[in-house]
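Comments concern the structure below.
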């Protein structure tokens, strides 16, 4: 039977601006998916530019792929499928939301965005 | 008596009944992260629990010599903290017990800081340790939840300490949320640790941050009187009958709980790592 494991790499993370998940060792796995979910309640439209990074040692990082997740009312969960990533993975990037939403968050009309991020691995 | 066991088992000295033998070459086997209790929102958990990091499978790869592997194969369970002083990572396995008897928990572990600087780095890990989270059975008069904690204080802000410690006291138990159904207390803080009698022990750190030497740990605890018996690390055995575990009134939904946990704490702006090659839990045969 194949091995599988879902790691929670961010739990209720208050990402705003640059972020990076902690290094995750994935040498035993041949395929992976990063899932990112915007937790309710929060701003309705949030943009996340992301890079999936790989590393030989968990210290030095190089970009494997990149893209943008656009969160809105209909799309609170995004994913990126991966293979051929070697021994280490992390997700980094930048979270941004509109000036109006930022004002609403600073006045506590809405909560700043909070995220769950998962790394689902399979041998 | 000579037992004819494979090497991965023969390095342990189990009691008569082996309940669990976790060799992490076979996967995580029920070991997972510890999350603070919450109600309705993750925001309701105690803040100390918010940044605990979950365990992963590691092949002990380092930048200068590549992959070490584990003691009997490729993989160990790795606990990795955030890179800041006082950051913690915890791995927990949750069981229940069926007979109140003596239990023995043995482990093969090693600890190191992240090798991000070409320095000795032997004070970058503050501590690593083990704990049990236990509760009496539901028929016992005056039942308790009992939490034996033992840690190796490797270093603090003043330098190397190399001291085994235990914890007998606990912080306030808080109600979580507004329904009165969930409680939480943080028991891994820096407060309340006492030195184990004669508990100074120098371990093999081995010079640089990328060399891993495995250590043997053994904790004997008795579920009948919920008291420590003995603790062993490598060549040293500590008589523990006179030290008290954390003891609090029983909680309404934890009967016969038997949880095992490992933890590691950073002492610097580097990640602290605890690797567990394997873990074995055994009991007397009733």
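Chains as they are written, first to last, in the numbering used here: chain A, 1 to 123; chain B, 1001 to 1286. Where is the CB? At the ideal position from N, CA and C, for every residue including glycine. Please read all numbers here as calculations on a predicted model, not as lab measurements.
With which residues is residue 1270 (chain B) paired in a DSSP beta bridge? As a working mapping, residue 1270 (chain B) is identified with position 270 in the second chain. Paired residues: none, contrary to the question.
Three or more C-beta pairs closer than 8 Å, one from the region 1073-1085 of chain B and one from the region 33-45 of chain A: is that the case here? no
Please report the distance separating the alpha-carbon of residue 1240 (chain B) from that of residue 1012 (chain B). What you label residue 1240 (chain B) is simply residue 240 of the second chain in a count that begins at 1. What you label residue 1012 (chain B) is simply residue 12 of the second chain in a count that begins at 1. Residue 1240 (chain B) and residue 1012 (chain B): Cα-Cα distance of roughly 20 Å.
What's the C-alpha gap between residue 14 (chain A) and residue 1065 (chain B)? Your numbering for residue 14 (chain A) matches position 14 in the first chain. Your numbering for residue 1065 (chain B) matches position 65 in the second chain. Cα to Cα, the separation comes out at about 37 Å.
Just confirm the distance between the C-beta atoms of residue 1184 (chain B) and residue 1170 (chain B), as a whole number of angstroms; I'd bet it's less than 8 Å. In the second chain, counting from the first residue as 1, residue 1184 (chain B) sits at position 184. In the second chain, counting from the first residue as 1, residue 1170 (chain B) sits at position 170. About 12 Å separates the two Cβ atoms, so there is no contact after all.
Any chain A beta carbon closer than 9 Å to residue 1164 (chain B): As a first step, residue 1164 (chain B) is located in the second chain; it is residue number 164 there, counting from the start. No, its Cβ sits nowhere closer than 9 Å to a Cβ of chain A.
Best match in A:117, A:123 and A:122 for proximity to residue 52 (chain A) [C-alpha to C-alpha]: In the first chain, the residue the question calls residue 52 (chain A) occupies position 52. Per the Cα distances, A:117.
Report yes if the C-beta distance between residue 1271 (chain B) and residue 1080 (chain B) is below 9 Å; otherwise report no. As a position in the second chain, residue 1271 (chain B) is number 271, starting the count at 1. As a position in the second chain, residue 1080 (chain B) is number 80, starting the count at 1. Closer than 9 Å, so yes.
Who does residue 1113 (chain B) pair with in a DSSP beta bridge? Mapped onto the second chain, residue 1113 (chain B) falls at position 113. Its beta-bridge partners are B:1272.
Should the region 1-10 of chain A be regarded as contacting the region 1040-1047 of chain B, the criterion being three or more beta carbon pairs within less than 8 Å? no
Do residue 1267 (chain B) and residue 1062 (chain B) have their CB atoms nearer than 9 Å? On the second chain, position 267 is the one that residue 1267 (chain B) refers to. On the second chain, position 62 is the one that residue 1062 (chain B) refers to. For residue 1267 (chain B) and residue 1062 (chain B), no; Cβs fall outside 9 Å.
State the DSSP-derived secondary structure class of residue 1216 (chain B), mapped to helix, strand or coil. Position 216 of the second chain, counted from the start, is the residue given in the question as residue 1216 (chain B). In the structure shown, residue 1216 (chain B) sits in a strand (DSSP, three-state: E or B).
Going by DSSP, what residue range makes up the beta strand (DSSP E) through residue 1239 (chain B)? Looking up residue 1239 (chain B) in the second chain gives position 239. Its beta strand (DSSP E) spans residues 1236-1239.
Please list, in chain order, the chain B residues whose beta carbon lies closer than 8 Å to that of residue 11 (chain A). The residue given as residue 11 (chain A) occupies position 11 in the first chain. What residue 11 (chain A) touches in chain B: 1035, 1042 and 1050.
Any beta-carbon of chain A closer than 9 Å to the one on residue 1257 (chain B)? Position 257 of the second chain, counted from the start, is the residue given in the question as residue 1257 (chain B). False, the Cβ-Cβ gap to chain A never drops below 9 Å.
For the putative contact between residue 1172 (chain B) and residue 1286 (chain B), defined by C-beta atoms under 8 Å, what is the C-beta separation to the nearest angstrom? Looking up residue 1172 (chain B) in the second chain gives position 172. Looking up residue 1286 (chain B) in the second chain gives position 286. Their Cβ separation, rounded to whole angstroms, is 37 Å, which puts residue 1172 (chain B) and residue 1286 (chain B) out of contact at 8 Å.
Would you say residue 114 (chain A) reaches chain B, if we count a Cβ-Cβ gap shorter than 9 Å as a contact? What you label residue 114 (chain A) is simply residue 114 of the first chain in a count that begins at 1. Chain B, which has a Cβ nearer than 9 Å to the Cβ of residue 114 (chain A), makes this yes.
Using C-beta distances below 6 Å, list every residue in its chain close to residue 1037 (chain B), excluding the 5 sequence neighbours before and after it, in chain order. Position 37 of the second chain, counted from the start, is the residue given in the question as residue 1037 (chain B). Taken in chain order, the residues that qualify are 1176, 1182 and 1184.
Identify each residue in the region 52-73 of chain A for which the Cβ-Cβ distance to at least one residue of chain B is less than 9 Å, and report them in chain order. 56, 57, 58, 59 and 60
DSSP beta-bridge partners of residue 1156 (chain B): Taking the second chain and counting its residues from 1, the one referred to as residue 1156 (chain B) is at position 156. B:1159.
At a CB distance below 7 Å, what residues from the region 1051-1078 of chain B approach chain A? Give them in sequence order. 1053, 1054, 1056, 1057, 1058, 1059, 1061, 1062, 1063, 1075 and 1078
As a quick exercise: from B:1263, B:1269, B:1049 and B:1279, pick the residue whose alpha carbon is nearest that of residue 1130 (chain B). Taking the first residue of the second chain as position 1, residue 1130 (chain B) is located at position 130. Comparing Cα-Cα distances from residue 1130 (chain B) to each of B:1263, B:1269, B:1049 and B:1279, the minimum goes to B:1263.
Quick check: what's the CA-CA separation for residue 38 (chain A) versus residue 93 (chain A)? Here residue 38 (chain A) corresponds to residue number 38 of the first chain, with the count starting at 1. Here residue 93 (chain A) corresponds to residue number 93 of the first chain, with the count starting at 1. The straight-line gap from Cα to Cα measures roughly 15 Å.
Of all the options B:1246, B:1008, B:1034 and B:1256, which has the alpha carbon lying nearest to the alpha carbon of residue 1070 (chain B)? Locating residue 1070 (chain B) in the second chain gives position 70, where the first residue counts as 1. Per the Cα distances, B:1008.
CB-CB length for residue 24 (chain A) against residue 7 (chain A), believed under 8 Å: Working through the first chain from its first residue, we reach residue 24 (chain A) at position 24. Working through the first chain from its first residue, we reach residue 7 (chain A) at position 7. 6 Å between Cβ atoms; contact.
Please state whether the Cβ-Cβ distance between residue 115 (chain A) and residue 10 (chain A) is less than 9 Å. Working through the first chain from its first residue, we reach residue 115 (chain A) at position 115. Working through the first chain from its first residue, we reach residue 10 (chain A) at position 10. Yes.
If we count Cβ pairs, one from each stretch, closer than 8 Å, do we get three or more for the region 1132-1145 of chain B versus the region 1203-1211 of chain B? no
Contacts that residue 1082 (chain B) makes with chain A (C-beta to C-beta distance below 9 Å): If you number the second chain from 1, residue 1082 (chain B) lands on position 82. Ordered by position in chain A, the residues that pass the 9 Å Cβ test against residue 1082 (chain B) are 22.
When we look at the beta-carbon of residue 1054 (chain B) and count the other beta-carbons within 10 Å, is it buried (16 or more) or exposed? Along the second chain, read from residue 1 onward, the residue named residue 1054 (chain B) stands at position 54. Label assigned to residue 1054 (chain B): buried.
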